[in-house]
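> Supplied in structure tokens, the structure appears directly below.
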Amino acid sequence: MKKKVLALVLTAAMVGAVLTGCGGNGESAAAGTPDNGAKVVKIGVYEPASGDNGAGGKQETLGMQYANSKTPTVQIGGEEYQVELEIVDNESSNDKGPSAAASLVSSKVSVVLGSYGSGVSIAASDVFKDAGIPAIGVTCTNPQVTEGNKHYFRICFLDPFQGTVLANFANENFSAKKAYILTKLGDDYSTGLGHYFKEAFTGLGGEVVEETFQEGNSDFISYITSAKNAGADVFFAPVSTEAAALIIEQSAAQGLTIPLMAGDTWDSNVILNAAKGKDVQIYVTTFYQEGGNEEFDKGIKEWINADSTAKANNGGDDTVAAVTAMGYDAYYVALEALKAAGSTDPAAVNEALWKVTYSGVSGEIAFNETGDALRDVAYVKCANTETGAWDFVAVQGVK
Amino acid sequence: MSKKTKMAWNVSLIVALLALLFLLEQIMPSGSMLFTVLKKGAIYALVAVSMNLLNGFTGLFSLGQAGFMLLGAYTYAILTIPPESRASVYQYYDGGIVNFAIPVPLALIAGGLIAAGFAFLIGLPVLRLKSDYLAIATLGFAEIIRAVFQWDKLGPLTNGSNLLRSFPTFQSVLYPFIVSGICIALIVMLINSTYGRAFKAIRDDEIAAEAMGINLAHHKRLAFVISSFFAGVSGGLLAMYQTTIQASMFKSAMTYEILLIVVIGGIGSVTGSCISAFLFIACSEWWLRFLDNENFYIGSFHVPLLRAGFRKVVFAVVIMAMVLFYRQGIMGTKEFSVEALQNFFRKLFVRKGVKKAGDSHE
Amino acid sequence: MEFITRNLPYLMAGISVGGQYALIAIGYTMVYGILRLINFAHGDIFMAAGLILVYSATVMPMYLAIPLMIILTVLIGFMVERVAYKPLRSAPRMSIMISAIGVSYLLQNLALYVTGGLSQQYPAIPWISDTVTIFGSTTKRVTVITPVLTLVLVVLLVLLIKYTKIGMAMRAASRDFETSQLMGIKINSVVSMTFIIGTFLAAIGSALFFTNYTGVTPTVGAMPGLKAFVAAVFGGIGSIPGAVIGAFIIGICENIIKGVGLTTFSDAFTFALLIIILIIKPTGLFGEKEADKV
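Protein sequences, first through last, are from chains U, X and Z. So the first sequence is numbered by the working numbering: it starts at 47 and just counts up by one. So the second sequence is numbered by the working numbering: it starts at 3 and just counts up by one. So the third sequence is numbered by the working numbering: it starts at 273 and just counts up by one.
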């Protein structure tokens with residue numbers, strides 16, 4: 047009897063929820079509404095805060111939060127709007143991502159920023175498309191994110207470019223003839239960048255050995271041994287920071303002497319901390335070099351140091367990650383688009399985005415016909431294992 | 003109630019439900035979380051019922067559901083991606099080797115059939131195993147299937163470990179409801195047939211069932227294959243809902259989730275599985291999301307402890323409490339029906355009436 | 273010689289990871305032997321042990337942190353049994369297994385909440401995380417110590433089970449749960465003891481494992497847990513030497529598979545091995561034959 051009552055109550059609750067519709071979302075909006083009665087425009091932040099890419103996603107979000115604290119309002123169509131960030135966690139997972147995206151859609155954001163990680167961006171792309179909301183990819187470098195659609199933009203360079211830069215760099219600086227490529231299964235960023243690196247590297251007359259690892263794998267000793275046995279000159283591992291820390295630790299323990307190379311994900315203090323005091327060489331390509339914009343660096347360091355949550359999200363210190371700078375720029379690109387659109391209507395913002403130009407801390411930003419930023423340089427950095435900081439190596443382009 | 007009126011009731015209820023959904027879709031903004039929950043819930047209801055057919059009605063403890071969903075989802079996706087988008091989807095494999103697309107309903111059925119075919123093959127050796135050994139063996143098979151689908155050498159077919167996308171999807175919430183509804187109706191018909199009674203006999207006592215002349219191997223295989231067929235179909239639906247799929251989504255954690263849905267709904271109750279599928283999805287995707295919000299106030303009181311991930315802790319505690327103190331689940335082995343509802347109200351009413359009557363007498 | 277330097281690292285990694293699986297597998301095999309329960313939460317307790325050390329090492333020196341980690345882990349194991357398994361002792365086997373899955377879900381989500389979803393760097397334990405060179409290949413000292421320590425602990429455990437009173441009670445309980453109760457064995461304390469021993473070994477296993485593979489994430493325990501379970505089944509569930517040998521075989525095979533380049537299948541191989549052994553010899557290498565009772 048009791049069970050039936052419960053069953054009935056639960057069903058009633060379900061029906062009740064159906065009838066009240068999205069009333070449940072009202073409270074989250076109410077929580078952040080400012081008292082001064084200004085109009086609010088919502089910007090969705092679709093970033094991972096947990097899972098494989100949690101560390102990177104948090105740093106990227108930090109950039110947006112900092113930008114939001116600096117410029118909390120925007121003029122849209124002659125009216126002052128309060129900008130509110132609606133942050134969701136896509137859990138670095140392609141199957142959890144779409145629901146997180148749907149919750150952004152239901153809270154009526156005008157434009158979405160993110161995500162860190164290409165797979166989740168591709169996975170949520172259709173959700174945004176169906177809702178008619180434009181999205182600005184911050185550091186998702188896989189070409190498939192923007193290809194063939196009109197609503198996804200991005201402000202970073204692409205993997206075919208990044209892969210070529212890395213291959214050229216390996217070839218010129220280490221005269222590498224053989225590269226060991228380690229990618230993660232089911233990670234579109236990882237397999238994509240690995241693929242383009244291989245294409246470019248074999249194009250230069252090099253040879254590659256490719257291997258993959260499963261999600262949840264933490265034993266990289268065998269991979270490192272295989273790389274040694276193959277006689278590789280560079281170890282290329284475009285993987286998440288989580289796996290990267292393990293790879294660095296284990297290659298130091300195994301006495302791997304060849305340089306480790308990777309793409310933008312490795313530009314993180316997780317890597318610096320893992321490499322500090324160890325005998326490893328690490329080279330990465332990235333979007334921004336600390337010191338590129340003194341004012342930004344100083345401001346964000348102060349902000350991070352003043353806020354313990356922000357500091358914890360940044361990995362416990364105030365190193366400025368390139369993704370943070372990119373998140374910062376993405377926020378301003380979104381504001382530019384809102385201004386140009388003169389409305390908070392997502393469709394108008396989408397239209398306006400095509401013509402937006404912005405000169406950010408990471409360089410000039412403008413979109414081409416697929417919605418990709420026109421970027422032609424990448425910074426190459428090297429981890430200094432003594433100071434635990436990045437050393438600038440070169441600015442590389444593709445001729 | 004006669005069989006005829008029962009039928010009429012059920013049919014009218016279903017029609018009313020669909021009409022309500024249709025109406026909701028007209029009046030509510032399409033971005034509402036409600037539709038997300040309803041779509042995903044309908045799909046999970048189907049896979050939960052298919053798992054219940056195995057675990058609840060036949061007593062075979064299988065943990066391979068995610069693997070069969072993967073097969074269904076991949077079959078569906080591979081067969082329906084339009085040829086013109088193949089070059090961009092299979093970008094590392096020169097467009098792949100499949101160069102045609104078949105209609106959606108056929109592809110869904112094909113997904114089910116492939117899953118059923120694999121289930122038949124896997125079942126040959128595995129179904130001889132008992133309880134937890136069967137569970138762990140099917141779990142192992144699901145993991146093997148996942149690894150095979152990520153294999154680079156199969157790339158032209160499966161796109162390696164990369165996302166499959168650009169296949170046809172559904173917009174209306176009615177679509178998954180109708181497909182899942184048909185499938186669940188088929189399962190219910192099966193359960194009420196002689197086969198269903200044989201399954202229950204096997205669940206209650208294998209040796210006695212065998213003594214009654216039930217062919218154990220045959221019936222177990224049948225239940226396993228049918229359950230996998232519907233898991234495959236729901237995999238195809240899940241692909242449509244997600245719009246992109248990837249082998250790495252179908253982890254054993256997914257099977258555990260489905261198992262928890264079945265347990266919460268009541269092992270051996272079809273309607274229980276359906277109800278709990280919607281509740282589970284609504285809680286995990288929607289209702290509890292506010293728990294992740296750090297700045298959540300009740301009045302001016304700042305609720306402590308709330309931050310990303312808290313939602314899942316609360317959810318896990320609730321599930322644990324369900325499992326420990328409410329082992330029968332929402333419905334136990336009973337079914338929700340108009341008749342039961344009528345009886346329920348009648349009893350509620352009669353009891354009150356009796357009480358009142360009693361009062362006046364004494 | 274060159275052949276050795278080339279391939280020794282695979283073997284060493286295999287033996288070392290095998291030893292770590294063995295320490296986890298013992299917990300599975302003992303619990304299964306007595307309760308007929310696949311303790312799905314065991315791998316997550318192993319993860320929790322890792323997290324406890326991460327956090328305790330930040331506030332206290334290592335010689336205090338490690339004993340504290342072991343004590344807390346054992347406490348968790350004990351509590352899990354009392355809260356989640358004991359009330360279900362007379363319930364069908366499926367319910368108790370589902371409860372185990374529930375505990376695993378809870379532990380993972382708690383860890384997710386506590387860590388904020390980020391990988392935690394495991395602190396370096398002095399001495400065992402130093403680098404050493406063997407036959408020209410460099411590795412951490414823990415790689416060499418693990419198999420030795422594992423064997424010592426297993427010998428001690430076998431002695432305990434053979435010659436002490438509680439050991440005898442465990443053997444009796446695993447032979448026949450009901451009858452041993454009738455014979456006056458305090459079944460609850462036997463079960464608790466089993467969990468305590470199992471989690472104690474898992475705690476040590478976690479210290480060794482994470483010294484080699486230094487990232488602790490909420491789901492890090494799942495795979496080693498499943499593999500250790502496979503090892504237990506492979507060796508014949510209920511048999512401690514069987515579990516240890518099974519674990520070493522799986523650890524070594526897994527690394528050889530990676531060595532020959534079939535990296536996609538390193539996990540799948542473990543499960544294939546499981547299915548093959550279940551079909552050919554369901555009782556495992558050293559398992560006892562069990563008649564089905566009506």
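Note that CB positions come from ideal geometry on N, CA and C, so glycine has one too.
1. Could you round the C-beta distance between U:G209 and U:S161 to whole angstroms and report it? I think they count as a contact, below 8 Å.
2. What in chain U is Cβ-close to Z:M495, meaning under 7 Å?
3. So, Z:I348 versus Z:I317, is the Cβ gap smaller than 7 Å?
4. Evaluate contact between the stretch 139-147 of chain U and the stretch 243-258 of chain X, counting only Cβ atoms and requiring at least three cross-stretch pairs below 8 Å.
5. Which whole-angstrom value is the C-beta distance of X:A342 and Z:Y377, which I expect to be below 8 Å?
6. Residues of chain U with a CB under 7 Å from the CB of X:Q344: which are they?
7. Mind listing the chain X neighbours of U:V151? Cutoff is C-beta to C-beta under 7 Å, in chain order.
8. Are at least three pairs of beta-carbons, each pair with one atom in the stretch 175-188 of chain U and one in the stretch 144-162 of chain U, less than 8 Å apart?
9. Compare the C-alpha of Z:M334 against each of Z:I528, Z:Y394 and Z:I549 and name the closest.
10. Roughly how far, in whole angstroms, is the beta-carbon of X:S278 from the beta-carbon of X:I332, given that I think they are within contact range, below 8 Å?
11. Along the alpha helix (DSSP H) that carries U:K385, what are the first and last residues, could you check?
12. Can you check the stretch 145-225 of chain U for any beta strand (DSSP E) of at least 3 residues that lies completely inside it and give the ranges in chain order?
13. Pull up the DSSP beta-bridge partners for U:D265, would you.
14. Who are the near neighbours of Z:M465 in its chain, counting only those whose CB is closer than 6 Å to its CB and skipping five residues on each side?
15. Between the alpha carbons of Z:G290 and Z:I296, how many angstroms are there, rounded?
16. Using a Cβ-Cβ distance cut-off of 7 Å, determine whether U:T477 contacts chain X.
17. According to DSSP, is Z:L498 part of a helix, a strand, or is it coil?
18. What does X:R127 reach in chain Z if we use C-beta pairs closer than 8 Å?
19. Nearest by alpha-carbon distance to X:A284: which of X:Y95, X:M35, X:F24 and X:F70 is it?
20. Count the other C-beta atoms from every protein chain shown that fall within 10 angstroms of the C-beta of X:L55, then say buried if there are 16 or more, exposed otherwise.
21. Express the C-alpha separation of U:T416 and U:F199 in angstroms, rounding to a whole number.
22. Can you name the residues of chain Z whose CB is closer than 8 Å to the CB of U:Q300?
23. With DSSP collapsed to three states, give me the class of X:T7.
24. Listing by chain order, which chain Z residues have their CB less than 9 Å from the CB of X:M322?
25. Please list, in chain order, the residues of the stretch 189-206 of chain U that have any C-beta partner in chain Z closer than 9 Å.
26. At the level of alpha carbons, what is the spacing between U:G78 and U:I133?
27. For X:L20 and X:L176, what's the separation of their Cα atoms in angstroms?
28. By a C-beta neighbour count over all protein chains shown, 10 Å radius and 16 as the cutoff for buried, is U:K344 buried or exposed?
29. Could you check where the alpha helix (DSSP H) with U:D343 kicks off and where it finishes?
30. Let's test the definition: count the other Cβ atoms within 10 Å of the Cβ of X:K314 and tell me whether it reaches 16, buried, or not, exposed.
31. By a C-beta neighbour count over all protein chains shown, 10 Å radius and 16 as the cutoff for buried, is U:V151 buried or exposed?
32. Taking Cβ positions only, does Z:T536 come closer than 7 Å to chain X?
33. Where do the ends of the alpha helix (DSSP H) carrying X:N2 lie?
34. Taking only beta-carbon atoms, is U:A169 less than 7 Å away from chain X?
35. Quick check on the DSSP output: what are the complete beta strand (DSSP E) runs of length 3 or more inside the stretch 281-348 of chain U, in order along the chain?
36. Quick check on Z:T410: does DSSP put it in helix, strand or coil?
In short:
1. Taking the first sequence and counting its residues from 1, one reaches residue 209 of chain U at position 163. Taking the first sequence and counting its residues from 1, one reaches residue 161 of chain U at position 115. In fact, because the Cβ distance is near 21 Å, the residues do not count as touching under 8 Å.
2. To locate residue 495 of chain Z, count along the third sequence from 1; it is residue 223. Within chain U, the residues near Z:M495 are G262.
3. As a first step, residue 348 of chain Z must be located in the third sequence, where it is residue number 76. As a first step, residue 317 of chain Z must be located in the third sequence, where it is residue number 45. Cβ distance < 7 Å, so Z:I348 and Z:I317 count as in contact.
4. yes
5. Residue 342 of chain X sits at position 340 when you count from the first residue of the second sequence. Residue 377 of chain Z sits at position 105 when you count from the first residue of the third sequence. Not confirmed; about 32 Å, so no contact.
6. On the second sequence, position 342 is the one that residue 344 of chain X refers to. Going along chain U, no residue has its Cβ under 7 Å from X:Q344, so there is no contact; the nearest lies around 12 Å.
7. Translated into the one-based positions of the first sequence, residue 151 of chain U becomes position 105. Result: G33.
8. yes
9. Reading the third sequence from its first residue, position 62 is the one you call residue 334 of chain Z. For Z:M334, the nearest C-alpha among the options comes from Z:Y394.
10. Position 276 of the second sequence, counted from the start, is the residue given in the question as residue 278 of chain X. Position 330 of the second sequence, counted from the start, is the residue given in the question as residue 332 of chain X. Right, their Cβ atoms sit about 6 Å apart.
11. Here residue 385 of chain U is taken as the residue at index 339 of the first sequence, counted from 1. Here the alpha helix (DSSP H) through U:K385 covers A368 to A387.
12. 157-159, 181-183 and 198-200
13. Position 219 of the first sequence, counted from the start, is the residue given in the question as residue 265 of chain U. Answer is none; U:D265 lacks a bridge partner.
14. Counting from one through the third sequence, the residue named residue 465 of chain Z turns up at place 193. Contacts found: I438.
15. Locating residue 290 of chain Z in the third sequence gives position 18, counting from the first residue. Locating residue 296 of chain Z in the third sequence gives position 24, counting from the first residue. The alpha-carbon atoms of Z:G290 and Z:I296 are separated by roughly 10 Å.
16. Outside the displayed range of chain U (47 to 445) lies residue 477 of chain U, so it cannot be described from this structure.
17. Here the question's residue 498 of chain Z lines up with position 226 in the third sequence. If DSSP states are grouped into helix, strand and coil, Z:L498 belongs with the helices.
18. Taking the second sequence and counting its residues from 1, the one referred to as residue 127 of chain X is at position 125. Per the sequence shown, the amino acid found at residue 127 of chain X is Pro instead of Arg. Per Cβ cutoff of 8 Å: I547 and I551.
19. Position 282 of the second sequence, counted from the first residue, corresponds to residue 284 of chain X. If we check each option's Cα against that of X:A284, X:M35 comes out closest.
20. Taking the first residue of the second sequence as position 1, residue 55 of chain X is located at position 53. By the neighbour-count rule (16 or more Cβ atoms within 10 Å), X:L55 is buried.
21. Numbered from its first residue, the first sequence carries residue 199 of chain U at position 153. Numbered from its first residue, the first sequence carries residue 416 of chain U at position 370. Each residue's Cα considered, the two are about 8 Å apart.
22. In the first sequence, counting from the first residue as 1, residue 300 of chain U sits at position 254. The answer, in chain order, is P281, S409, T410 and T411.
23. Taking the second sequence and counting its residues from 1, the one referred to as residue 7 of chain X is at position 5. DSSP places X:T7 in helix when its eight states are reduced to three.
24. Sequence index remark: in the second sequence, residue 322 of chain X carries index 320 (1-based). Ordered by position in chain Z, the residues that pass the 9 Å Cβ test against X:M322 are V355, A356, S371, G374, V375, Y377 and L378.
25. none
26. As a working mapping, residue 78 of chain U is identified with position 32 in the first sequence. As a working mapping, residue 133 of chain U is identified with position 87 in the first sequence. With a pLDDT of 41 at U:G78, under the threshold of 50, the predicted position of this residue should be treated as unreliable, though the coordinate-derived value follows. Spanning the two alpha carbons is a distance of roughly 12 Å.
27. Counting from one through the second sequence, the residue named residue 20 of chain X turns up at place 18. Counting from one through the second sequence, the residue named residue 176 of chain X turns up at place 174. Going by the C-alpha atoms only, they are around 7 Å apart.
28. Within the first sequence, the letter at position 298 stands for residue 344 of chain U. U:K344 should be labelled exposed.
29. Along the first sequence, read from residue 1 onward, the residue named residue 343 of chain U stands at position 297. Run containing U:D343: E340 to A352, per the alpha helix (DSSP H) assignment.
30. Along the second sequence, read from residue 1 onward, the residue named residue 314 of chain X stands at position 312. Its Cβ being crowded by 16 or more others within 10 Å, X:K314 is buried.
31. Here residue 151 of chain U corresponds to residue number 105 of the first sequence, with the count starting at 1. Label assigned to U:V151: buried.
32. Against the third sequence, residue 536 of chain Z aligns to sequence position 264. It does: the Cβ of Z:T536 has a partner Cβ on chain X nearer than 7 Å.
33. Only positions 3 to 364 of chain X appear in the structure, and residue 2 of chain X is not among them; the question remains open.
34. Mapped onto the first sequence, residue 169 of chain U falls at position 123. Answer yes: the Cβ-Cβ gap between U:A169 and chain X drops below 7 Å somewhere.
35. 306-308 and 328-332
36. As a position in the third sequence, residue 410 of chain Z is number 138, starting the count at 1. In the structure shown, Z:T410 sits in a strand (DSSP, three-state: E or B).
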